[in-house]
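**Q** Residue numbers (the working numbering): 3 to 298.
For every residue, glycine included, the Cβ atom is placed at its ideal position computed from N, Cα and C.
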Ligand SMILES: [Zn+2]
């Protein structure tokens with residue numbers, strides 16, 4: 003789904019990267035053959051290469067038009083970034099900004115940039131390379147970052163947070179994609195539940211990173227839940243105890259995932275994770291057999 007209405011709001015999907023990424027056996031902590039065998043028939047095809055058991059993934063951003071605001075959710079890996087810890091996302095040269103333009107938005111049209119969390123694949127287009135310097139890609143935007151993540155990932159705080167699971171994979175992103183925004187005073191650091199624009203609320207969902215947050219967009223009684231990496235793949239809807247190998251706090255990540263999935267059920271909200279292939283968003287239903295993804 004590349005364009006969807008949520009009440010009077012409009013959500014546009016902007017793709018940055020598409021490909022295969024690991025097997026469920028290697029990506030998930032808590033993986034079980036039994037859980038996989040039960041869930042695989044529901045997701046094989048567009049979400050999973052069934053013959054090779056390889057996850058199909060996306061890097062994608064969302065532009066939400068609501069009440070006169072244009073909000074960009076997550077900013078992918080970006081172009082020209084040096085990523086020794088994850089070469090797959092290093093030195094990319096994607097036409098992301100052309101795709102944004104094709105959807106109807108120039109960088110200066112974006113009012114608000116919200117990162118669901120600070121990780122290498124969610125902050126990249128915060129900045130772009132201009133004559134050797136990292137400058138804000140969205141010059142008129144306020145950038146909303148989760149405060150716990152700005153503290154956790156700042157290399158200057160290494161002594162305070164020495165044992166990060168994602169340290170190697172995420173090397174470099176803070177200095178090229180977050181600090182330039184902080185130094186220019188363009189960031190709003192949030193901690194806890196807060197409404198950042200009319201119809202747009204942030205809530206903490208910690209675990210994957212300390213500051214991971216969900217973004218709830220509500221309009222005329224309809225809602226969508228942008229959940230970042232609270233889950234990476236629909237296999238985790240049937241197996242909500244499965245964490246990714248990138249989750250910093252295993253117990254909190256499980257708790258947040260279960261809570262977010264039940265919110266999607268209870269509020270009849272469309273669930274929009276960061277990396278889903280397939281239709282990129284699902285509804286969640288609670289059946290006798292447990293939680294299941296359902297088409298929109
Ligand atoms: Zn991610």
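Can you tell me the Cβ-Cβ gap for residue 281 and residue 298, rounded? I've got them flagged as a contact below 8 Å.
**A** 7 Å
**Q** Flag this pair as yes or no: are the beta carbons of residue 96 and residue 19 separated by less than 8 Å?
**A** The answer is yes: Cβ separation under 8 Å.
**Q** DSSP has residue 145 in a bridge; who is on the other side?
**A** 115 and 189
**Q** What's the C-alpha gap between residue 228 and residue 215?
**A** 9 Å
**Q** Look up residue 68 in the DSSP assignment and give the residues it is bridged to.
**A** Answer by DSSP bridge pairing, in chain order: 71.
**Q** Excluding sequence positions up to five away, which residues of its chain have a Cβ less than 6 Å from the Cβ of residue 1?
**A** This structure cannot settle anything about residue 1, because the visible part of the chain is limited to 3 through 298.
**Q** Could you pull the start and end residues of the alpha helix (DSSP H) that residue 263 belongs to?
**A** 252-268
**Q** Determine the direct distance from the alpha carbon of residue 135 to that of residue 163, and round the result to whole angstroms.
**A** 28 Å
**Q** With DSSP collapsed to three states, give me the class of residue 37.
**A** helix
**Q** Could you tell me the alpha carbon to alpha carbon distance between residue 70 and residue 174, rounded to whole angstroms?
**A** 35 Å
**Q** Quick check for students: name the residue ranges of the beta strand (DSSP E) that lie wholly in the segment 71-111, counting only runs of 3 or more.
**A** 71-75
**Q** Just to be sure I understand the criterion: a residue counts if its Cβ is closer than 6 Å to at least one heavy atom of ligand 1. Which residues meet that?
**A** 121, 123, 124, 231, 276 and 277
**Q** Is it buried or exposed for residue 62, if we count other Cβ within 10 angstroms and need 16 for buried?
**A** buried
**Q** Decide if residue 186 is buried, meaning its Cβ has at least 16 other Cβ atoms within 10 Å, or exposed.
**A** Residue 186 should be labelled exposed.
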